[in-house]
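Just so you know, the sequences run in chain order A and G.
Note that our numbering numbers the first sequence so that position 11 is 11, with each residue one more than the last.
Quick note: to get our numbering, add 1000 to the position in the second sequence (first position is 1).
We treat Cβ as the ideally placed atom computed from N, Cα and C, and that holds for glycine.
Encoded as structure tokens, the structure appears first; notes follow it.
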Amino acid sequence: MSGKVHVEATLNGEQVEFLCEPRQSALEVLRDVLGFTGAKEGCLTGDCGACSMVMDGRVVCSCLVLGPEMQGHTIETVEGIAKDGEKLHPLQQKFLEHAALQCGICTPGFLVAAKALLDKNPKPTEHEVRFALAGNLCRCTGYDKIVRAVMDAATVMQGR
Amino acid sequence: MQAFTYEAPRSLDQALSLFGSTGEKARALVGGTDLLIQMRAATRQPTVIVDVKSIPELQILSFDPQSGLRLGAAVSSARIYEDKMMQDKYPGLTEAAWLIGSVQIKHRCSVGGNLCNGSPAADTPPALIALGAECVIASAKGTRTVKAEEFVLSPGRTVLQPGEILVEFRIPAPKAHSADCYQRFIPRNEMDIAVVGVGAAVTLNGDTCTAARIGLGAVAPTPLFAKAASDSLVGKPLNEQNIAAAAALAQKIATPITDMRGTEEYRTHMVGVLTRRVLTEAAARARKK
Chain A
1 MSGKVHVEAT LNGEQVEFLC EPRQSALEVL RDVLGFTGAK EGCLTGDCGA
51 CSMVMDGRVV CSCLVLGPEM QGHTIETVEG IAKDGEKLHP LQQKFLEHAA
101 LQCGICTPGF LVAAKALLDK NPKPTEHEVR FALAGNLCRC TGYDKIVRAV
151 MDAATVMQGR
Chain G
1001 MQAFTYEAPR SLDQALSLFG STGEKARALV GGTDLLIQMR AATRQPTVIV
1051 DVKSIPELQI LSFDPQSGLR LGAAVSSARI YEDKMMQDKY PGLTEAAWLI
1101 GSVQIKHRCS VGGNLCNGSP AADTPPALIA LGAECVIASA KGTRTVKAEE
1151 FVLSPGRTVL QPGEILVEFR IPAPKAHSAD CYQRFIPRNE MDIAVVGVGA
1201 AVTLNGDTCT AARIGLGAVA PTPLFAKAAS DSLVGKPLNE QNIAAAAALA
1251 QKIATPITDM RGTEEYRTHM VGVLTRRVLT EAAARARKK
């Protein structure tokens, strides 16, 4: 009744294929099946955003996407943010400079959500940044440094 | 999560046949932003999940000046928000859909799922009710239509019978000088479940209100149509006094509970506040149309 499903998808630009039970979420697939442990399990209820991934250009909670739903779609995770896996994206650089992380558990989710924002809206206001990141919770920093890092990264990316 | 089978039919016929044969064992999946959480908590335990996102009829988003809006049950909040027609013709329903959850949630959730989940506090039902939305339900045996305000029977329970799915909403085309609005009160800026939600749609002829509908959320076991409050405005100017009177009538039918989100008294008070605000805003929007 609950046999495994064969899924093909694009992950950070590469073709992947895997087997999963229908009840395995995309988060479980990323972490436990494909070995991409960047996305984190924070709540499993879509409240914390630590599991954020981009699916067909839209940031979503991977804990609320089923493995089979990934079929044929394009997925981007935090592992794909640094160019060639080495050169830090301005967001990553600014997170470090602004000390926008302490324990770091929320950071992959914030980076994915912030990058998705800047890819769509390169010059967000602070209000727009906070709105776009409302689905990402941080227990350590109080958000201020995160917001400053995102605003600063936007400036850098605009060449301003 | 309990194990289940996953199906992703590409046609409505295929889906209806599936639902017909699986009955109570099956649940439709759109965004999964309520269902997957419930399955993890074992409050809903379907053994068949039918992903309805690939069914064309459930992804319709079209407007006709005569017949109005057809909104497929699976259309995402994000798609609604980004649609110029929706922003222009149904700003209240659009803002209701765009208030659900976070950006992550909005990219997946749907108005159909929001209604079918049957929460008394759902954001879109008050806006749907204000617009006089009709819900088109299909099964292998045929289709039927239910008014939005009659769709939810009790918390978590809707009129959907085993074998039935919600296919689309049909909403009349707005008449000249008509507009809708939805506002809710929550403790934070985003993310929370509504403490109180109010939707209103009005039509003006000069200064006179010729049509009004008010929908209330989170203040009763189901979303409500505030009929007396709505009727009280017809044939009158939409001024502060009449709006206040309508708000008082809306408060009368609210039966909120006291819970961690707010007290009975506070929620009843907020029904008055938000009803005044959405009527005022809907009127301002209607004057510009």
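In DSSP terms, what G/Q1038 is bridged to: Translated into the one-based positions of the second sequence, residue 1038 of chain G becomes position 38. DSSP lists no bridge partner for G/Q1038.
Buried or exposed, going by whether 16 or more other CB atoms sit within 10 Å of the CB of A/G80? For the purposes of this step, residue 80 of chain A is identified with residue 80 of the first sequence, where counting begins at 1. By the Cβ-count criterion, A/G80 is buried, with 16 or more other Cβ atoms from all chains shown falling within 10 Å of its own Cβ.
Out of G/I1080, G/P1237, G/Y1182 and G/F1169, which one is the CA nearest neighbour of G/R1277? Along the second sequence, read from residue 1 onward, the residue named residue 1277 of chain G stands at position 277. Taking only the C-alpha atoms, the option nearest G/R1277 is G/Y1182.
Shortest alpha-carbon distance to G/K1175 belongs to which of G/L1069, G/V1048 and G/D1013? Here the question's residue 1175 of chain G lines up with position 175 in the second sequence. Comparing Cα-Cα distances from G/K1175 to each of G/L1069, G/V1048 and G/D1013, the minimum goes to G/L1069.
Mind pulling the chain G residues with CB within less than 7 Å of A/R23? Working through the first sequence from its first residue, we reach residue 23 of chain A at position 23. Chain G residues near A/R23: M1001, A1003 and F1004.
Whole angstroms are fine: how far does the CA of G/V1219 sit from the CA of G/A1003? Within the second sequence, the letter at position 3 stands for residue 1003 of chain G. Within the second sequence, the letter at position 219 stands for residue 1219 of chain G. Distance between the alpha carbons of G/A1003 and G/V1219 is about 36 Å.
Quick check: G/P1162 and G/G1118, are their CB atoms within less than 8 Å of each other? In the second sequence, residue 1162 of chain G corresponds to position 162, counting from 1. In the second sequence, residue 1118 of chain G corresponds to position 118, counting from 1. Taking 8 Å as the Cβ cut-off, G/P1162 and G/G1118 do not qualify as a contacting pair.
Which residue comes first and which comes last in the alpha helix (DSSP H) that contains A/V93? By 1-based counting over the first sequence, the position of residue 93 of chain A is 93. Per the sequence shown, the amino acid found at residue 93 of chain A is Gln instead of Val. P90 to E97 is the span of the alpha helix (DSSP H), which, as asked, contains A/Q93.
Can you list, in chain order, the residues of its chain whose CB lies under 6 Å from that of G/R1261, leaving out five sequence neighbours each side? Along the second sequence, one-based indexing puts residue 1261 of chain G at 261. The residues V1195, in chain order, have a CB closer than 6 Å to that of G/R1261 in the same chain once the five nearest residues on each side in sequence are set aside.
CB contact below 8 Å: G/V1030 versus chain A: The residue given as residue 1030 of chain G occupies position 30 in the second sequence. At least 8 Å separates the CB of G/V1030 from every CB of chain A.
What separation, rounded to the nearest whole angstrom, lies between the Cα atoms of G/M1039 and G/Q1045? The count along the second sequence starts at 1 and reaches residue 1039 of chain G at position 39. The count along the second sequence starts at 1 and reaches residue 1045 of chain G at position 45. Each residue's alpha carbon lies about 6 Å from the other.
Give the list of continuous beta strand (DSSP E) stretches no shorter than 3 residues that lie fully inside the region 1011 to 1093 of chain G. Runs of the beta strand (DSSP E) inside the region 1011 to 1093 of chain G: 1026 to 1029, 1048 to 1051, 1061 to 1064 and 1068 to 1072.
With a threshold of 8 Å between beta-carbons, can A/D144 be considered close to chain G, or not? Taking the first residue of the first sequence as 1, we reach residue 144 of chain A at position 144. No, A/D144 does not count as interfacial toward chain G.
So, does the region 1059 to 1073 of chain G touch the region 1138 to 1158 of chain G, judging by three or more C-beta pairs under 8 Å? Taking one beta carbon from each stretch, the region 1059 to 1073 of chain G and the region 1138 to 1158 of chain G have fewer than 3 pairs nearer than 8 Å; the two do not touch.
Return helix, strand or coil for G/Q1183, following the three-state DSSP convention. Within the second sequence, residue 1183 of chain G is the residue found at index 183, counting from 1. If DSSP states are grouped into helix, strand and coil, G/Q1183 belongs with the strands.
Taking C-alpha atoms, which residue in G/T1047, G/D1259 and G/S1021 lies nearest to G/L1029? Along the second sequence, read from residue 1 onward, the residue named residue 1029 of chain G stands at position 29. If we check each option's Cα against that of G/L1029, G/T1047 comes out closest.
Nearest to G/K1106 by CA position, among A/Q15, A/E21, A/G46 and A/E8, is which residue? Translated into positions along the second sequence, residue 1106 of chain G becomes position 106. The residue from A/Q15, A/E21, A/G46 and A/E8 with its alpha-carbon nearest to that of G/K1106 is A/G46.
Could you pull out every residue in the same chain whose Cβ sits closer than 8 Å to the Cβ of A/P22, ignoring the five residues on either side in sequence? For this step, residue 22 of chain A is matched to residue 22 along the first sequence. Closer than 8 Å at the Cβ level, and outside the excluded window around A/P22, lie S2, V5, L66, G67 and P68.
A/R58: contacting residues in chain G (beta-carbon distance under 7 Å): Within the first sequence, the letter at position 58 stands for residue 58 of chain A. Within chain G, the residues near A/R58 are A1078 and H1107.
Inter-residue CB distance, G/F1019 and G/A1008 (contact presumed, cutoff 8 Å): Walking along the second sequence from the start, residue 1019 of chain G turns up at place 19. Walking along the second sequence from the start, residue 1008 of chain G turns up at place 8. Actually they are not in contact, since the Cβ atoms of G/F1019 and G/A1008 sit about 13 Å apart, beyond 8 Å.
G/E1190 versus A/F131 - alpha carbon distance: Indexing the second sequence from 1 puts residue 1190 of chain G at position 190. Indexing the first sequence from 1 puts residue 131 of chain A at position 131. G/E1190 and A/F131: Cα-Cα distance of roughly 7 Å.
For A/M55, which beta-bridge partners are listed by DSSP? On the first sequence, position 55 is the one that residue 55 of chain A refers to. Per DSSP, A/R58 and A/I75.
Does the pairing of the region 1074 to 1081 of chain G with the region 112 to 121 of chain A give three or more beta-carbon distances under 8 Å? Cβ pair count under 8 Å is below three, so no.
Which residues in chain G have a C-beta closer than 9 Å to the C-beta of A/T74? List them in chain order. Taking the first residue of the first sequence as 1, we reach residue 74 of chain A at position 74. The contact set of A/T74 on chain G, defined by CB atoms closer than 9 Å, is empty, because the minimum CB distance reaches about 14 Å.
Could you tell me the boundaries of the beta strand (DSSP E) in which G/Y1006 lies? Translated into the one-based positions of the second sequence, residue 1006 of chain G becomes position 6. DSSP places G/Y1006 in the uninterrupted beta strand (DSSP E) bounded by T1005 to E1007.
Since G/P1120 contacts G/P1221 with CB under 8 Å, what's their CB separation in whole angstroms? Stepping through the second sequence from its first residue, residue 1120 of chain G is reached at position 120. Stepping through the second sequence from its first residue, residue 1221 of chain G is reached at position 221. Between G/P1120 and G/P1221 the beta-carbon gap is near 6 Å, inside 8 Å, which marks them as a contact.
With distance defined between alpha-carbon atoms, name the residue in A/G57, A/Q24, A/M70 and A/D119 nearest to A/V7. Against the first sequence, residue 7 of chain A aligns to sequence position 7. When each option's Cα is compared against that of A/V7, the closest is A/M70.
Option in A/E126, A/A149 and A/G57 with minimal Cα separation from A/L96: Position 96 of the first sequence, counted from the first residue, corresponds to residue 96 of chain A. When each option's Cα is compared against that of A/L96, the closest is A/A149.
Using beta carbons (cut-off 8 Å, strictly below), is A/L11 in contact with chain G? Here residue 11 of chain A corresponds to residue number 11 of the first sequence, with the count starting at 1. False, the Cβ-Cβ gap to chain G never drops below 8 Å.
Would you verify that the beta carbon of A/F131 is, or is not, closer than 8 Å to some beta carbon of chain G? If you number the first sequence from 1, residue 131 of chain A lands on position 131. Chain G contact via Cβ: present.
Taking the alpha helix (DSSP H) that G/N1242 belongs to, which residues open and close that run? The residue given as residue 1242 of chain G occupies position 242 in the second sequence. Following the DSSP letters along the chain, one finds G/N1242 inside the alpha helix (DSSP H) bounded by residues E1240 to I1253.
Per-residue burial, A/S62 [other beta carbons within 10 Å of its own, 16 or more giving buried]: Locating residue 62 of chain A in the first sequence gives position 62, where the first residue counts as 1. Residue burial annotation: A/S62 is buried, with at least 16 other C-beta atoms found within 10 angstroms of its C-beta.
Is A/L84 helix, strand or coil by DSSP? Here residue 84 of chain A corresponds to residue number 84 of the first sequence, with the count starting at 1. In the sequence under discussion, the amino acid at residue 84 of chain A is Asp, which differs from the Leu named in the question. Residue state, collapsed to three classes: coil.
Using 8 Å as the Cβ pair cut-off and three pairs as the minimum, do the region 1240 to 1248 of chain G and the region 1261 to 1276 of chain G touch? The answer is yes - the region 1261 to 1276 of chain G touches the region 1240 to 1248 of chain G, with three or more Cβ pairs under 8 Å.
Taking beta-carbon pairs under 8 Å, can you tell me which members of the region 1077 to 1106 of chain G lie near chain A? For the region 1077 to 1106 of chain G, which is checked against every Cβ of chain A, the residues closer than 8 Å are A1078, G1101, S1102, V1103, Q1104 and I1105.
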